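Q:
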Amino acid sequence: MGLIRLVIILVIAWLVYSLTRRWLATLERQRTQKKQPGSSRIETMVSCAHCGLHIPQNEAVQAGDKYYCSDKHRKLSEPS
Ligand SMILES: [Zn+2]
0 MGLIRLVIIL VIAWLVYSLT RRWLATLERQ RTQKKQPGSS RIETMVSCAH
50 CGLHIPQNEA VQAGDKYYCS DKHRKLSEPS
């Protein structure tokens with residue numbers, strides 16, 4: 000009977016350990032989720048010089064001081 004009791008204690012200990020870990024992970028996730036809205040960077044929006052479409056600056060095609068939504072519109076506006 001001693002061995003069974005030991006196994007039961009080990010199972011309970013493991014359950015408590017895994018539940019605590021899961022609980023801590025949930026708390027950590029909630030904390031990081033709360034932090035995100037404040038730390039989320041705002042994308043700089045630019046408008047396409049050809050069609051006026053608004054696109055994030057990192058996705059825009061830049062030509063000089065102008066931005067375009069695609070390489071096609073850059074070529075249409077500046078045929079070279
Ligand atoms: Zn465009």
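For the sequence shown, the residue numbers in numbering that gives the first Met the number 0 are 0 to 79. Here a beta-carbon is modelled for each residue, glycine too, at the ideal position from N, C-alpha and C. Since we're looking at a predicted model, the values are computed, not measured.
#1: Within this structure, are the beta carbons of A62 and E77 separated by less than 8 Å?
#2: May I ask whether a heavy atom of ligand 1 can be found less than 7 Å away from the beta carbon of S17?
#3: Quick check on the DSSP output: the alpha helix (DSSP H) that includes H72 runs from which residue to which?
#4: How would you label R20, buried or exposed, when you count the other beta carbons within 10 angstroms and need 16 or more for buried?
#5: Examine ligand 1 and report whether any of its heavy atoms sits within less than 7 Å of the Cβ of L52.
#6: Closer than 8 Å by C-beta to S38: which residues in its own chain qualify, once you throw out the five before and the five after it? Chain order, please.
A: This is what the structure holds:
#1: Position 63 of the sequence shown holds residue 62. Position 78 of the sequence shown holds residue 77. Contact flag set, yes.
#2: Here residue 17 is taken as the residue at index 18 of the sequence shown, counted from 1. Not one heavy atom of ligand 1 lies closer than 7 Å to the C-beta of S17.
#3: Position 73 of the sequence shown, counted from the start, is the residue given in the question as residue 72. D70 to S76 is the extent of the alpha helix (DSSP H) around H72.
#4: Here residue 20 refers to the residue found at position 21 when the sequence shown is read from its first residue. Per the 10 Å Cβ criterion, exposed.
#5: Position 53 of the sequence shown holds residue 52. In terms of side-chain proximity, the C-beta atom of L52 is found nearer than 7 Å to a non-hydrogen atom of ligand 1.
#6: By one-based count along the sequence shown, residue 38 stands at place 39. Confidence in S38 is poor, its pLDDT being 47 and thus under 50, which makes the residue's placement too unreliable to answer from.
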